[in-house]
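The sequence shown maps to residues 1015 to 1373 in this note's numbering.
Idealized CB from N, CA, C, for every residue including glycine.
What follows is one structure encoded as C-alpha cells, with my remarks underneath.
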Amino acid sequence: MKTLHVDLGSRSYPIFIGSGLLGKPEYLAPYIKAKQVMLVSNTTVAPLYLDKTLAALADFQTASVILPDGEEYKNLQVLNQIFDELLTQRFDRRATLIALGGGVVGDMTGFAAACYQRGVPFIQIPTTLLAQVDSSVGGKTGVNHPLGKNMIGAFHQPQCVLCDTDTLNTLEDRQFSAGLAEVIKYGLLGDAEFFAWLEQNAAQLVARDPHALAYAIERSCQDKADVVAKDELEADMRALLNLGHTFGHAIETGMGYGVCLHGEAIGIGMYLAAELSRQQGWLTQEAVKRIDNILQAMRLPNRIPPQVTVDKLLQLMQVDKKVRDGQVRLVLLKALGNAFLTSDYSATALREVLLNGYA
Ligand code: NAD
Ligand code: GLY
C-alpha cells in the first residue's frame, strides 16, 4: 500500500493506492466528520462494489443513490437525483458524500458536494484506471452541457482518495486502455523519463501486470499531485494537464457524449497536438512517431473518427475553458516531456492537421 499526499494547506489530503483497500474502515472513517454518509454510484459499479464499501461504513448512517451509467448522463438533470436523495433523507451540511465509480460518478458527486447547502465534504473511491490516475485527484468537479464538455462545475477537493487496484480487475479492456491515455499524458507533459518507461513497459501494462500497473498509477498520481499543489485553480501551469483535451473534448462533444470514450478522445487529441507542434517546427517527426506508436501499443485509437467534420471540430474547439478573449489556447509540445500553453500557432496549420488527422 502506498500513500501519496496532495499538498494544499488546510485542504491537503491523502491518496491511498493498493490492493484490497476497499472494505477497510481505516481508509474512510477518519475522513468522515459526522454520521450521515451518502454513497453515489452507478448501475454498473454498485452491484460490484457497493456492499463492500457499505461494510466499511457500519458505524455511519448511510444511504445511497444509484445513477444511470454513461457520459451521456453527466448533466444537470441527472445531478438533481443526488440532491433529491440528500433532501429526501434530510442530510445536513455536515454529511459526507462518497463517489464510488469512474470519472463520471466522481465528477458528478464532487460537484453535488460542492453545491449541496453551499458545500459539504466528499471522498473519492475511483474504480476505473482513468479515475485512479487522474479524475479523482485535484478537485475538478462538474457536468457536461450539450454545447460543451465539463462546462458547468466547481473546484472542490476531496477529503481523501481511495484507489483499490483490485477494482480494475472487472474493468473492460477498452475502458482500461482509455485510462492508459491519461497515463501517457503525464509522461508527455512533463516527465520524459516516465514516457520512456511507458514505452518499455507498454506490453506489461496492457496485460495488467500488477507491478507495472501499481507503478504507473503511483507515478501518475504523484505527477498530478505536484502540479495541483503548485496551481490548484489553474491560473497557469495546471492547464498543461489539458494536453490533448481541446481536441479531445471537441471530438467527444461532436460525436455525442459516450460514443468516443474520454480517454480515447484524449489519446487522439495528444496525437493532433503533437502533429501541430511538428508543423510549427517545435517537435521532431521522430517524437511524433513515438507518440503514435505508444498510442497503438496501448490499444488506443490515434486518428479522428470519420463521423465528425473538421468544421464541427473547429467550432467546438472555441468552447473551451482555456479560451481567452476569443483566442483558443492549446497545450502543445516542445519535446517529449515538455508541454506549454500557447495561442501562437497558425490557424492554417491547425486546419491542415485536422484535415490530415483522419485514418
Ligand atoms: P466512466 O466513469 O464513464 O467509467 C467508464 C465505464 O466503466 C462506465 O461504464 C463505468 O460504469 C464502468 N466502470 C467503472 N468502474 C468499473 C469497474 N471497476 N469494473 C467494471 N466497470 C466499471 O469513465 P472514466 O473513463 O472513468 O471517466 C471519464 C470522465 O472523467 C469524463 O467525464 C471526464 O470528463 C472525467 N475526467 C475528469 C477529470 C477531472 O480532473 N475531474 C479528469 C479526467 C477525466
Ligand atoms: N484533468 C485536468 C485537471 O485536473 O486539471
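Residue i - DSSP class collapsed to helix/strand/coil
{"i": "G1201", "result": "helix"}
{"i": "H1170", "result": "coil"}
{"i": "L1018", "result": "strand"}
{"i": "Q1293", "result": "helix"}
{"i": "V1134", "result": "coil"}
{"i": "F1208", "result": "helix"}
{"i": "F1030", "result": "strand"}
{"i": "Y1372", "result": "strand"}
{"i": "Q1332", "result": "coil"}
{"i": "V1367", "result": "helix"}
{"i": "Q1321", "result": "coil"}
{"i": "V1175", "result": "strand"}
{"i": "P1044", "result": "helix"}
{"i": "A1217", "result": "helix"}
{"i": "L1111", "result": "strand"}
{"i": "R1104", "result": "coil"}
{"i": "G1163", "result": "Residue identity check: residue 1163 is Lys in the sequence provided, not Gly. Strand, per DSSP."}
C-beta contact flag for residue i and residue j at 9 angstroms
{"i": "H1263", "j": "G1162", "result": "yes"}
{"i": "G1283", "j": "M1312", "result": "no"}
{"i": "L1212", "j": "L1182", "result": "no"}
{"i": "V1157", "j": "N1089", "result": "yes"}
{"i": "D1148", "j": "K1199", "result": "yes"}
{"i": "G1152", "j": "R1252", "result": "yes"}
{"i": "C1235", "j": "L1018", "result": "yes"}
{"i": "V1342", "j": "E1289", "result": "no"}
{"i": "A1243", "j": "D1021", "result": "yes"}
{"i": "Q1103", "j": "M1165", "result": "no"}
{"i": "A1077", "j": "G1117", "result": "no"}
{"i": "L1254", "j": "V1241", "result": "yes"}
{"i": "R1025", "j": "Q1171", "result": "yes"}
{"i": "I1318", "j": "L1286", "result": "yes"}
{"i": "G1340", "j": "Q1332", "result": "yes"}
{"i": "Q1075", "j": "R1107", "result": "no"}
{"i": "Q1173", "j": "I1265", "result": "no"}
{"i": "L1202", "j": "L1314", "result": "no"}
{"i": "L1068", "j": "P1039", "result": "no"}
{"i": "D1250", "j": "L1111", "result": "no"}
{"i": "T1155", "j": "T1123", "result": "yes"}
{"i": "E1086", "j": "G1270", "result": "yes"}
Cβ-Cβ separation, residue j to residue i (assumed contact under 8 angstroms), whole Å
{"i": "V1345", "j": "G1268", "result": "Not a contact, Cβ separation roughly 19 angstroms."}
{"i": "S1055", "j": "G1115", "result": "5 angstroms"}
{"i": "Q1138", "j": "V1175", "result": "5 angstroms"}
{"i": "E1278", "j": "A1195", "result": "7 angstroms"}
{"i": "L1375", "j": "F1136", "result": "Any property of residue 1375 remains undetermined from this structure, which presents the chain solely from 1015 to 1373."}
{"i": "P1224", "j": "C1177", "result": "13 angstroms between Cβ atoms; not a contact."}
{"i": "L1003", "j": "A1230", "result": "Here the chain comprises residues numbered 1015 to 1373, so residue 1003 is not present and cannot be evaluated."}
{"i": "Q1293", "j": "A1361", "result": "Actually they do not touch by this definition, with Cβ atoms about 12 angstroms apart."}
{"i": "G1032", "j": "T1179", "result": "7 angstroms"}
{"i": "A1043", "j": "D1073", "result": "7 angstroms"}
{"i": "G1204", "j": "A1353", "result": "7 angstroms"}
{"i": "F1125", "j": "Q1050", "result": "So it is not a contact: roughly 19 angstroms between Cβ atoms."}
{"i": "K1336", "j": "T1260", "result": "7 angstroms"}
{"i": "E1095", "j": "V1079", "result": "Looking at the sequence shown, residue 1095 is not Glu but Gln. That belief holds up - the Cβ atoms of Q1095 and V1079 are roughly 6 angstroms apart, short of 8 angstroms."}
{"i": "L1081", "j": "V1092", "result": "6 angstroms"}
{"i": "A1217", "j": "I1029", "result": "Not quite, the Cβ-Cβ distance comes to about 27 angstroms (not below 8 angstroms), so this is no contact."}
{"i": "A1168", "j": "A1113", "result": "Between A1113 and A1168 the Cβ distance is about 14 angstroms, and since that is not below 8 angstroms, they are no contact."}
Terminal residues of the beta strand (DSSP E) in which residue i lies
{"i": "K1348", "result": "L1344 to A1349"}
{"i": "M1052", "result": "Q1050 to N1056"}
{"i": "K1154", "result": "K1154 to H1159"}
{"i": "T1356", "result": "N1352 to T1356"}
{"i": "V1079", "result": "Q1075 to L1081"}
Start-to-end residues for the alpha helix (DSSP H) that takes in residue i
{"i": "V1118", "result": "G1117 to C1129"}
{"i": "C1235", "result": "P1224 to K1244"}
{"i": "M1312", "result": "From DSSP, M1312 is part of no alpha helix (DSSP H); its letter is neither H nor E."}
{"i": "E1085", "result": "E1085 -> no alpha helix (DSSP H), and no H or E assigned at all."}
{"i": "T1181", "result": "Segment: none, T1181 is in no alpha helix (DSSP H) and carries neither H nor E."}
{"i": "T1067", "result": "A1060 to A1069"}
{"i": "G1268", "result": "H1259 to M1269"}
Interface flag, residue i vs chain C, CB-CB below 9 angstroms
{"i": "N1056", "result": "Reference to chain C is not applicable here, since this structure consists of a single protein chain."}
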